[in-house]
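Read the structure below first, then the notes.
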Amino acid sequence: MKVESRTESTVAAWDGWRWFLPQRVSVFATGLSLFLLLLIGLPVLMVVLMSLRTGFPGETVPYTLENFSSVYSEPRTYEVLLNTLCFAVSSVCITLLITVPLVWILMRTDVPFKKTIYVLLTIGILIPVFLRTIAWILLLSPRIGLINKWLQQLFALSEPPFNLYSIAGMAFVQGISFVPGAFFMLAAAYRSMDPSLEEAAYTSGVGKLRTFLKINIPITLPAIAGVMVYLFMTAIAVFEVPAIIGLPARIHVLSSLIFTSTTPSTGLPDYGMAGAYGAIMLLLGLVLAYLYVRLVKQGKKYTVITGRGYRPREISLGRWRWPALAFVFCYLCIEVFVPFAVLMWASILPYLQLPSADAFANLTLKHYREIPQHVGPQPFINTLILMLAVPTLTMILSVLVSWVVIRTQVSFRGLLDTLAFIPHAVPGILMAVGLAYLGLAYRDIFPIYGTILIIIIAHTINWIAYGTRTTNSVMIQVHRELEEAGRVAGASSARVLWKIVLPLIAAGVLNSWVWIGMLSYREVTMALTLYTRGNVVISTVVWQFWGSGWVPQVAALGVILILFAAVVVGAVRLVLSRIGEIGAAS
Amino acid sequence: MISIRALRKSFRAQHGRVDALRSIDLEVAEGEFCVLLGPSGCGKTTTLRCVAGLERPDAGEIEIAGRLVNSPERRVYMPTERRELGMVFQSYAIWPHMSVFQNVAFPLTQGRTRYSKSDIAERVEKALKRVQLDSLGERPATDLSGGQQQRVAMARAMVTEPKILLMDEPLSNLDARLREQMRVELRKITKSIGVTTLYVTHDQAEALSLGDRVCVMNAGEILQIGPPHDVYQKPASLFVAQFVGEMNFVDGTARAKDLVDSPLGAIAAAVPDSVKPGAAVTLAIRPEHVQIAAASSGGVADTIGKVTSKNYLGDAALLEVEVNGVMLLAKIAGDTKLCVGQQAIVDLPAQRWQVFGQAR
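Chains A and B, in that order, are what the protein sequence lines are.
Quick note, the first sequence lines up with residues 1 to 586 if you use my numbering.
Quick note, the second sequence lines up with residues 587 to 946 if you use my numbering.
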């Protein structure tokens, strides 16, 4: 009867020539890998192609190395490389100078108000980098900066004391912006260090300082080094801070140079040069990515998860808790409170001025009221499309990739995992430029240039690496036997994925979905590079306003952006905490 | 050597306050191997960590080798690294970034006393030899099996020849066979050095075989301290009786000073003085004292029971016998021809019964 026929069909599937057919899972995995290869490989290939051609995209020109020779012979290239390195190194130094003590204070001492501080740290991530940069320009610009004006007034100075338009200024803002992300990375590594390693040193008669130097530091060093390399990789590739602060001051780094080559304010775009610079950046990125992966592997050897649940004893600060709190508070001011306050202040005045009786008389909400007429509905609609489409696409791909990598025995699953991680080594601006070139040069095959679709694709590629890291870790926690029980019960692989695995990882996936939505919403580098009139989003509107000098409008839009992000994230957190599982903050 | 007086400690947990230690008193003599035995959450590890200085008790005094190392009332607290002890952790806590040699040498190279290089090498060799790892000195610590890591941890704990050795369930992560082997070795090593040892475990077989004295704890209190023989044969309370070894329990009523009524008849067992006649009591007898034989012949006065299950263990057999509605566990050396469903004669020697009052 029923049972017999099922047995029959299973036997029939495996005899004769059908034995040699690849399993369904392998076919699926191959298809997925090819798709990813196309998705990620094409833009990267474009960058390489760009560097080997001159002229306009689409023109048939012979391949040539003349872009590289002109790049290497120009002294400006070396100046820009030096700027990039200085900027990157200084930013990372500033970040670590703040983050390492912060992690130590929050995780090893009994400083009060820990929960509140954690929440405020998360809020720091909600303020887009370009808004924070603009806020600090409004404070420390030599010409219009409020702090400069105030200090000049107070001390009757002839020259403004602070100039944000320098590599130091850029490094300051960028360094600060890295702190929340770096904090969560370091904290996670810290948490997986076995506390009994320290206690074993104490019971061996070794004092606290010596234990710190001989045990804590060597064991957490791979993690710290990993974070350093990761930050350095990002610092070399970032665009927003060098563009907003560096460009007006004619300080170029690699990313802003690539940008001005493809979207110059005057003259024609030079994709060839952009490609040549991009190739340098790509090489750097890949080398650093390799280093990062090695460091993470080394770090994993040193982490031991204890089953015990004994936390290392909190060091009581005593009198030192006030300086520690002051340090944390100062940092939070610089990161969160001051930029937000400045933006709010600038948005309610007709023009930027110091607080005074005069200023208070001129307070107005008109910049908020005028937003609809200045901006129109299209940017909001486009941004909404982005916020919904990008995380959905990214998470679907991530779940599928993770499932193949973690759950199947497909032989090339390691390669697939690496493939998903590669976008991380490729700077966002390069991906965008590559995609732009693809859209322009091959517009007959890929008619995506000028549409919101190209931004969606760019964002998806950018965050597949992040998505797969989170789905990997979530999926590892779903014990293999849960799936195997499903297979034993007769369900196919697809059904097991749908009915067993997905519900179990839902909370983690949702968390990342929201997170990527937020990242997409405040992303400006790729949106700007791929910008045309047809795919305006809110971040590009802010950029344009800033470029035109409409300070109050920028501030008003910025405040709305931040408040909206806070509301959305807060609401989702509330919903998720009701479901029960809250994923990590980043 | 170790003196613990009126030790108290409570933790704040999500659901309220947890009293981990409720006034612990313990004296460990020099050279003694004292085992703290109890179920999880009983406070044995907390006691050990207080002696180590890794936890700070709320009240009470701790003295090591005559020196007061902890007293919240007198504001005395000596940090762990000054207490000159050795400790083996449950997770072994072997430092992954050093070799075996460096791990064991660490207390000598980084500790409070300076040793010469040759001295260090000599001591480390001696320590490694004692745990039979002398060929593995240059191996990176991450390249060891569980059993080897455990022995490195022991070598490290003893390399400074401390006055006291603390061990926190060091054998619980090993597989059964290795655990038994290490048990024997551990006792040999600690006795050969003569170090005072405080050992924490939840495994009662381990406690009985290792300790000079066993200290049974539950819910933050010490229920009984004594040589293994006393704790096993004369448990002071119902909890100790059931935690250490297997035990049969039967409810009964005390009729007189040495008579108890029970479903198994009147039993002539000594009733503790605190129990009044007529009060409810619990009778207890060890399975190995339940004599059981085939009901072939025998007098009318014999107690008859029915065998309901049989577990063959190789060197012994565990039988469940039902007598007058009461289920008893009997342990027989070797095997028996009795099978399930058979009738059997059950002999319960009166002197083997113990009586406990019902108020725990």
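We treat Cβ as the ideally placed atom computed from N, Cα and C, and that holds for glycine.
Mind checking which residues open and close the beta strand (DSSP E) that includes tyrosine 165/A? Taken as a continuous stretch (DSSP letters only), tyrosine 165/A belongs to no beta strand (DSSP E), as it is neither H nor E.
Assuming serine 255/A and isoleucine 429/A form a contact by the criterion Cβ under 8 angstroms, report the distance between their Cβ atoms to the nearest whole angstrom. 5 angstroms
Would you give the residue range spanned by the alpha helix (DSSP H) that glutamate 483/A belongs to? Residues 480-488.
Between Gly508/A, Leu247/A, Glu59/A and Val488/A, which has its C-alpha nearest valine 572/A's C-alpha? Gly508/A
So alanine 592/B packs on glutamate 647/B, CB below 8 angstroms; how close in whole Å? Rounded, the Cβ-Cβ distance is 7 angstroms, consistent with contact.
Do we get a CB-CB distance below 8 angstroms when we pair aspartate 417/A with the residues of chain B? No - not a single Cβ of chain B is within 8 angstroms of the one on aspartate 417/A.
Distance CB(valine 949/B)-CB(glutamate 755/B) smaller than 8 angstroms: What the structure shows of chain B is the stretch from 587 to 946, and residue 949/B is not part of that stretch, so it cannot be assessed.
In the structure shown, what three-state DSSP assignment does isoleucine 348/A receive? coil
Report buried or exposed for histidine 815/B, applying the criterion of at least 16 other Cβ atoms within 10 angstroms of its Cβ. exposed
When you compare only the Cα positions, how much space is there between phenylalanine 233/A and proline 693/B? Sequence check: residue 233/A is methionine here, not phenylalanine. Near 40 angstroms, if we compare the C-alpha coordinates of proline 693/B and methionine 233/A.
So with Cβ pairs under 8 angstroms, would you call leucine 607/B a contact of chain A? no
Kindly indicate which three-state DSSP category asparagine 910/B falls into: helix, strand or coil? Here asparagine 910/B sits in coil by DSSP.
Can you grab the Cα-Cα spacing for the pair alanine 200/A / proline 218/A, in whole Å? 15 angstroms
Report, in whole angstroms, the separation of the C-beta atoms of asparagine 462/A and methionine 526/A, which I expect to be a contact under 8 angstroms. 7 angstroms
Any Cβ of chain A within less than 8 angstroms of the Cβ of glutamine 828/B? Chain A, which has no Cβ nearer than 8 angstroms to the Cβ of glutamine 828/B, makes this no.
Please state the DSSP three-state secondary structure of phenylalanine 56/A. coil
In whole angstroms, give me the CA-to-CA distance for tryptophan 498/A and alanine 762/B. About 40 angstroms.
How long is the line joining the alpha carbons of phenylalanine 337/A and arginine 132/A, rounded to whole angstroms? Spanning the alpha carbons of phenylalanine 337/A and arginine 132/A requires a straight line of approximately 10 angstroms.
Should glycine 911/B be flagged as near chain A, meaning a C-beta pair shorter than 8 angstroms? no
Counting only beta-carbon atoms, is glycine 207/A nearer than 8 angstroms to chain B? yes
Counting only C-beta atoms, is tyrosine 118/A closer than 8 angstroms to chain B at any point? Closer than 8 angstroms: no.
Who are the Cβ neighbours of arginine 308/A in its own chain at under 6 angstroms, not counting the five residues just before and after it? Interpretation of arginine 308/A is limited by its pLDDT of 45, a score under 50 that renders its predicted location unreliable; the figure taken from the coordinates is listed afterwards. Cβ neighbours of arginine 308/A beyond the five flanking positions: none.
Consult DSSP for glutamine 767/B and reduce its assignment to one of helix, strand or coil. helix
Residues bridged to proline 222/A (per DSSP): In the DSSP output, where bridge partners are listed per residue, proline 222/A has none listed.
Whole-angstrom distance between glycine 547/A and threonine 540/A, CA atom to CA atom: 10 angstroms
Buried or exposed: glutamine 477/A, going by 16 or more other Cβ atoms within 10 Å of its Cβ? It counts as exposed.
Put threonine 306/A into one of helix, strand or coil per three-state DSSP. Summary for threonine 306/A: the model assigns pLDDT 43, below 50, so the residue's position carries little reliability; its value from the coordinates is reported in the next sentence. It is coil, neither helix nor strand.
Distance, Cα to Cα, aspartate 605/B vs aspartate 644/B? Straight-line measurement puts the Cα of aspartate 644/B at about 11 angstroms from the Cα of aspartate 605/B.
Taking DSSP as the reference, what is the three-state secondary structure of lysine 358/A? Sequence check: residue 358/A is aspartate here, not lysine. Helix, per DSSP.
Taking its Cβ as the centre, do 16 or more other Cβ atoms sit within 10 Å of tryptophan 939/B, making it buried, or is it exposed? buried
By the criterion of Cβ-Cβ separation under 8 angstroms, what are the contact partners of isoleucine 219/A in chain B? Trp681, Pro682 and His683
Candidates Cys330/A, Gly246/A, Val410/A and Gly41/A: closest to alanine 425/A by CA position: Looking only at Cys330/A, Gly246/A, Val410/A and Gly41/A, the smallest Cα-Cα distance to alanine 425/A is reached by Gly41/A.
Taking CB distances under 8 angstroms as the criterion, tell me whether methionine 768/B reaches chain E. The structure shown contains no chain E; its protein chains are A and B.
So, helix, strand or coil for asparagine 535/A, using DSSP? helix
So the candidates are Ser356/A, Ile176/A and Met50/A; which of them puts its Cα closest to the Cα of tryptophan 150/A? It is Ser356/A whose Cα lies nearest to the Cα of tryptophan 150/A.
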